[in-house]
Structures are given as C-alpha cells and as structure tokens.
Amino acid sequence: MESLKPLFEPLTNLLDRGGVHKDVAFIILSAIALLCSFLAPDDMPIDPAWIAIILCGLPIVVGAFVALVTEFDVKADLLVSIALVASIAIGQYFAAGEVALIMQLGALLEERTVARAQRGIERLVELTPRTARLVLEGGEERIVEAETVERLQVVRVLPGEYVPVDGIVTKGCTSVDESVLTGESMPVDKQEGDEISSGSLNQFGTIEVRALRSGEDGSIQRMARLVQSADAGKAKIVRLADRWATWIVVGALTAAAGAYLITGDIVRSVTVLVVFCPCSLVLATPTAIVAAIGNATKHGFLVKEGDALERLSSVKEAAFDKTGTLTKGTPEVLGVVAIPGGRFTDESLYEVLAGAESRSEHPLGKAIVACARRAGTTIPEPEEFRMIPGRGVEVRVSGSKVSVGNARMMQEASLVTEDWRDAGVEAFEQEGCTVSYIAVEGEATGVVALTDALRDESVETVRALYALGVSPVLLTGDHVEAARAAARQAGIRTFLASCRPEDKMAYIESRESAGRAVVMIGDGVNDAPALRRAQVGIAVGGVGNDLAVEAADIAIVEEGMGQLAHLVALSRRMMRTIKVNLTFSMTLNFVAIALAILAVLDPVAGALVHNCGSVLVIVNSSLLLRWKSPRSNARSADTAA
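If you want it as structure tokens, here you go:
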C-alpha cells in the first residue's frame with residue numbers, strides 16, 4: 015500500500031496548498047453558496063450548493079480515499095465521504111454541501127489548535143559556538159570551525175566568548191556562566207585543572223582549554239541532539255472521532271442497510287448516513303480545546319500545542335526546575351555577618367562590603383550592591399579597585415584594604431577559612447547559599463551569604479498540586495545542599511540534584527515508562543530536552559527564554575506560575591466537557607437514526623438536526639471560557655474578605 019502514496023502526492027499537495035487563509039475563504043464562500051441554495055434553489059441554472067460540495071467536500075473525499083487506499087486507515091472522514099456521495103446520488107445537494115461545510119469548519123478549529131512547527135532545535139544550534147581559537151605551537155592561534163577541534167587540542171577562550179569544547183582548563187582562571195547547561199544562576203569559578211563544558215560563557219579572564227572530546231561531541235551539541243530525539247518519544251493524542259471511526263462507519267452502514275431492507279426507501283437510507291455523520295462528534299474535542307485555551311490565556315498561559323491540555327489532564331507528577339522556576343533566578347543577600355568580637359558590626363561590615371563591590375561587574379557583586387541600595391545602606395566610594403578573575407576583588411575603602419572572594423582567594427592570601435567559622439558559614443552552606451569571605455587588612459572579618467530566593471507563589475502552587483493528586487518533584491543542576499534547601503522551603507518531598515539535561519530527560523522517561531505521566535516546568539535552555547520529552551512541557555517566563563518557549567507546549571507569558579494548579583484543573587474540566595459532548599452527540603445520532611427510519615426526517619431535516627446538535631456542543635464548550643477552579647474561587651473570596 016505504501017507504494018501507492020507517490021501516485022496521490024500531486025493531488026494531495028494541490029488540495030493542501032494555501033494553508034489556513036485558503037480554508038477560511040473556502041468556508042465563507044461555501045456558507046454564502048448554501049444560503050443562496052436554501053433561499054432560492056430553483057432560480058439558478060446550477061444549485062449553488064455545488065460550490066460548497068467542491069470547495070469543502072472534495073478535500074474530505076480525496077483525503078479519506080487516499081488514506082483508505084494507501085494505508086487502509088479508516089477515519090471519520092470516510093463516513094462523511096459516503097454520506098456526501100450518497101446525498102449527491104439522490105439529488106440532495108444542499109444536505110451534501112451542509113455536511114461538508116460543518117466538517118470543514120470543525121477541521122479548521124482543530125487545525126488552529128494543533129502544534130505549530132517547532133523551531134527549538136534551530137534556536138539551540140544558534141547558541142552552539144561556531145568557531146574556536148585553536149592554539150598552535152609557539153602560542154599562536156588560528157580561527158577554526160568549532161566542530162573540527164579534535165580531542166587533546168588546546169583552544170583559547172577570551173572574556174565574553176562561549177567555550178567551544180568540553181575540556182580542562184590548562185592556563186588562566188575565570189568565572190563562567192553555566193546556566194545554559196545547568197540552569198544554575200550563580201557563576202562558577204574555574205582555574206587550572208578544572209573541567210569546563212562547551213556552551214559555558216567565559217565572563218572575565220582569558221583561559222586555555224584542552225579538549226576532552228571532539229568539538230562535535232560537546233555538551234551543548236549533545237543537548238541539541240537530545241531535543242531532536244525527545245520529540246520522537248512523546249506520545250501523540252489521536253483525534254477522538256478517528257479513534258472510533260471504524261465502529262462509526264460500520265454502525266452507519268449497517269443502520270443504512272437495515273433502513274433500506276426494512277423500508278425499501280433509498281432516501282431513508284441516505285438520511286441515516288447523513289444524520290450519522292459525526293459533525294458534533296468531530297466538534298466535541300476542538301471546540302472544548304479552543305474554549306479552554308481561551309480560559310488559559312486569560313490566566314497568563316500561552317497554549318502552543320492543540321492537544322497539550324488533553325495530555326495535561328492525565329499527568330501524575332510535576333517536575334520543577336529550580337533556578338528561575340521555583341526561584342526568582344537572581345541572587346539576593348541573605349545575610350552579612352561579622353565575626354563576633356571583631357571591630358565591625360553586621361551593619362558597618364555591610365557598608366564596607368557594598369563599597370568594595372560597587373565597581374564590580376561580577377553578578378554576585380552587582381547583587382550585593384543592589385540589595386544594599388534597597389536596604390538603604392550607605393555605600394562608600396572605593397579608592398582603589400582590582401578584580402581577580404575566578405577569585406574575587408581587592409579594594410581600598412575608607413583607607414583600608416578590603417578583600418572579598420571565595421575560599422581559594424583567602425587560602426592564597428594565607429588565610430584559613432576556619433577563621434570565619436563563628437560567622438555561621440556552615441549554616442549558610444547547609445541552606446544552599448553561596449558564601450563569600452570578607453577580610454580587612456589581612457584579617458578575617460565576616461561573610462556574606464547569597465541565595466536564590468523562592469518565588470512568592472511557589473509554596474502555594476506546590477500545595478495546590480498535591481491537593482489535585484499531582485506529586486511535585488524538583489530536578490535541578492544545582493548542588494545537593496541548595497536543592498535540599500529549595501525543596502524543603504517549597505514543600506517538595508522529592509528532589510534530584512546536579513542534574514544535567516540528559517539526567518532530567520532520563521528521569522522523565524523512567525517515570526512515564528512506569529505509567530506516571532509527567533509535566534515538566536522549566537525556564538532555561540538546559541530544560542529544553544525535558545520540556546520536549548515530557549507529557550507536557552511548560553515554560554516559565556515566556557518572554558525571557560525563547561528556546562524554552564519553543565521546546566514547551568505551554569508558556570507562562572506573565573511572571574510567576576501561581577495559576578498552574580488552575581491550568582491542571584482546567585484541563586481535567588475540559589476532558590469532562592469533551593466526554594459530555596461525545597455522549598450527547600452519540601445519543602442525538604441514535605435518536606435521529608430512529609426518526610430517519612420512521613421517515614420523520616428527510617436528508618435536509620436530518621442535516622439540520624445534527625447541525626443543531628453541533629450548535630449545542632459549541633455552546634456547552636463555550637462555558638469553559640469563564641470556568642474557574644474551586645481553588646481560584648476560594649482565593650478570590652479570601653482576597654475580597
């Protein structure tokens with residue numbers, strides 16, 4: 015059968031050409047033609063209903079025939095085609111055109127809600143370093159294609175450039191932004207001997223890296239391939255009418271044959287076929303989805319995939335990224351603590367610290383200054399400033415030499431980190447904080463702890479998901495202490511730390527293989543494979559990360575995710591509405607069949623009856639536009655009180 019496909023490709027390509035605008039134009043023209051046919055069918059040489067039959071009916075008949083011949087695929091369109099041909103055969107052109115118009119209208123609604131072409135892979139490729147500075151003998155460098163770099167070759171990376179290969183730092187020290195790969199917002203210090211990943215952004219010092227893998231097999235390149243392969247593993251939801259198509263066709267033909275055998279009237283048989291057309295059945299799903307999408311849009315969600323809400327209704331677990339999803343994604347000062355008995359108080363040390371960092375371009379330094387300004391802390395002007403890449407800063411403030419940096423910096427200055435123990439370093443580290451040490455005139459004076467604080471709505475969102483029977487889990491590239499602290503604060507019972515993109519994807523695959531459908535909520539490039547692989551992917555902060563949005567099925571276009579539980583509840587309500595629509599549609603069809611056999615309905619009246627059923631289905635679906643979850647109503651009442 016597959017060998018027959020090329021024979022039909024020119025015809026199917028011709029019918030598909032033009033896209034949505036063509037379909038809308040055909041539907042409008044067909045509706046006008048049917049109106050003319052209904053009002054004055056005998057005033058024209060040819061019944062205008064033929065316009066609707068050709069514009070709307072011909073694509074249905076051709077598509078059903080091609081699917082049947084090439085793949086033996088029985089769809090709901092096959093029954094529609096049989097009804098169209100039968101109606102034309104007995105001269106019921108208006109009934110044929112009416113059925114064709116309704117079916118094409120339903121198909122258009124469905125098409126408007128299906129998945130748009132995903133550009134995520136291309137966007138990820140754009141982030142992949144294209145060139146590398148290959149270091150030659152004698153220290154000279156040559157610009158080459160990044161994918162041509164071979165294992166053990168050395169590349170040079172300047173400040174502001176992306177690392178082109180996975181490797182080991184052999185010269186220099188710096189701080190790198192690894193958020194593309196890990197989602198971790200805090201910069202990571204690198205020095206000689208440290209491993210570094212392709213896709214990391216070198217922020218400060220010039221470094222040289224010896225490749226551990228070839229350029230085409232780096233971390234960022236592997237992640238691009240993960241995104242590409244993830245889509246193949248995601249189950250696709252088949253249109254409900256097509257799932258039942260075989261039984262519908264068999265039932266319709268049996269009923270039509272029975273009507274003819276009982277009555278001997280071919281008109282009654284055709285009427286049975288017309289009323290058995292699954293118009294309302296076809297409309298049952300897309301109209302409910304469109305209405306639910308409208309509701310979701312009002313609550314700050316952009317639903318990109320037509321069946322995303324249908325898939326969301328069955329999820330059992332919600333996998334959260336940490337940085338930028340559960341948390342705000344930017345570091346904040348949790349505390350500045352002076353060593354007890356020293357010459358500084360916490361407040362006076364904060365002033366010295368803010369002055370020392372006031373000229374820093376480091377993200378942590380900028381965060382310290384921003385928090386100090388919000389707190390109303392006086393910020394003295396530094397007299398001297400020197401930044402040490404991968405270590406910290408050395409500054410002269412109010413006549414004193416101030417050093418702020420990591421443990422390596424203090425060790426190189428012959429200071430031991432145990433000197434800061436009384437400032438609560440261990441407690442801060444157990445909370446997952448990033449700790450910087452402060453020394454004045456070579457003497458340990460205190461520490462500053464920075465953390466990525468939870469979003470205001472995270473705790474309530476987690477609590478609401480548990481109430482819906484959805485189990486949250488935290489998947490983060492951050493270290494264990496930070497992951498444990500974030501999970502505890504958010505109320506999440508299960509977490510996995512130090513997750514690379516492939517680890518998140520593997521977790522989702524394992525849970526879904528065990529029958530636990532997962533919705534992934536993330537915001538970063540590193541979340542893209544998991545967002546694409548999960549039953550449903552939801553990108554947080556839709557305007558902030560293009561790649562995550564492209565990979566996801568749903569994007570939160572407003573900051574925060576406080577309405578996430580409402581979205582899950584809405585998806586379940588939508589599925590209940592679809593089931594009600596389907597039950598009503600089938601019941602109406604069976605009643606209409608009985609009336610057709612009794613000659614109460616002719617083909618035109620039968621078409622009108624099932625079209626009335628379609629209208630009722632649309633009205634029932636439209637109720638989803640204003641639906642609010644019980645929890646939303648409760649929160650509104652609390653706010654009003």
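In this note's numbering, the protein residues as written are 15 to 655. Glycine included, each C-beta is placed from N, C-alpha and C at the ideal position.
Alpha-carbon to alpha-carbon, residue j and residue i
| i | j | result |
| --- | --- | --- |
| SER527 | LEU166 | 39 Å |
| THR26 | GLY111 | Any reading at THR26 must be qualified, since the residue scores a pLDDT of 47, below 50, and its modelled position is unreliable; the value itself is stated next. The straight-line gap from Cα to Cα measures roughly 21 Å. |
| ARG405 | ARG144 | 29 Å |
| VAL494 | LEU340 | 16 Å |
| ARG357 | ALA458 | 11 Å |
| VAL623 | LEU545 | 44 Å |
| LEU510 | LEU489 | 5 Å |
| ALA269 | LEU69 | 29 Å |
| VAL407 | GLY219 | 13 Å |
| PRO396 | LYS415 | 10 Å |
| ALA81 | LEU48 | 28 Å |
| ALA66 | ILE104 | 17 Å |
| PRO515 | ASP466 | 21 Å |
| ILE552 | VAL304 | 18 Å |
| ARG469 | VAL484 | 20 Å |
| SER243 | VAL614 | The predicted model places SER243 with a pLDDT of 48, which falls under 50 and marks its position as unreliable; any figure quoted below should be read in that light. Answer to the nearest angstrom: the Cα atoms are 56 Å apart. |
| SER211 | LEU150 | 21 Å |
| TYR176 | VAL168 | 15 Å |
| GLU361 | PRO644 | 47 Å |
| MET424 | ARG373 | 20 Å |
| GLU445 | LEU378 | 17 Å |
Opposing strand residues paired with residue i [DSSP bridges]
| i | result |
| --- | --- |
| LYS415 | ARG410 |
| LYS331 | In the sequence on display, residue 331 carries Glu and not Lys. DSSP output for GLU331 lists SER485, VAL532 as bridge partner(s). |
| GLY181 | ILE210, ALA225 |
| PRO345 | ASP466 |
| TYR451 | GLY419, VAL461 |
| ILE510 | A small fix is needed here, since residue 510 is Leu in this sequence, not Ile. Answer is LEU489, bridged to LEU510. |
| VAL351 | VAL461 |
| GLY551 | MET534 |
| ALA146 | VAL158 |
| TYR176 | LEU215 |
| ASP541 | In the DSSP output, where bridge partners are listed per residue, ASP541 has none listed. |
| VAL582 | DSSP lists no partner for VAL582. |
Coil, strand or helix - residue i by DSSP
| i | result |
| --- | --- |
| LEU489 | strand |
| LYS250 | Unreliable placement is indicated for LYS250, whose pLDDT of 44 sits below 50; the coordinate value is still reported in the next sentence. Residue state, collapsed to three classes: coil. |
| PHE399 | strand |
| GLU136 | Here GLU136 scores only 47 on pLDDT, less than 50, and its place in the model is too uncertain to base an answer on. |
| ARG546 | helix |
| THR188 | strand |
| LEU18 | Here LEU18 scores only 45 on pLDDT, less than 50, and its place in the model should not be relied on; the value that follows carries that caveat. It is helical. |
| ARG170 | strand |
| ILE568 | strand |
| LEU639 | helix |
| SER157 | Going by the sequence as given, residue 157 is Ile instead of Ser. Residue state, collapsed to three classes: strand. |
| VAL317 | strand |
| LEU215 | strand |
| ASP433 | helix |
| MET588 | helix |
| ASP616 | coil |
| ASP279 | coil |
| VAL284 | helix |
| VAL304 | helix |
| ASP61 | coil |
| GLY202 | Just to set this straight, residue 202 is Val in the shown sequence, not Gly. In the structure shown, VAL202 sits in a strand (DSSP, three-state: E or B). |
| ILE41 | helix |
| VAL94 | helix |
| ALA322 | helix |
Nearest-angstrom beta carbon gap, residue j and residue i [assumed within contact, 8 Å]
| i | j | result |
| --- | --- | --- |
| THR301 | ILE632 | 5 Å |
| VAL487 | ILE506 | 7 Å |
| ALA310 | LEU639 | That pair is no contact at about 10 Å. |
| ALA333 | ILE157 | Going by Cβ atoms, the distance from ALA333 to ILE157 rounds to 41 Å, so no, they are not a contact pair. |
| VAL183 | ASN216 | Actually they are not in contact, since the Cβ atoms of VAL183 and ASN216 sit about 10 Å apart, beyond 8 Å. |
| VAL286 | ILE611 | 7 Å |
| ILE452 | LEU367 | 6 Å |
| GLU365 | ILE393 | 7 Å |
| ASP492 | LYS518 | At roughly 13 Å, the Cβ-Cβ gap does not stay under 8 Å, so ASP492 and LYS518 are not in contact. |
| ALA370 | VAL409 | 4 Å |
| ASP537 | GLY338 | 4 Å |
Count Cβ pairs between the segment 579 to 596 and the segment 321 to 332 that sit closer than 8 Å; are there 3 or more? yes
Give a yes or no on contact between the segment 603 to 619 and the segment 342 to 350, applying the rule of three or more CB pairs nearer than 8 Å. no
Does the segment 437 to 454 come within contact of the segment 384 to 402, defined as at least 3 CB pairs closer than 8 Å? no
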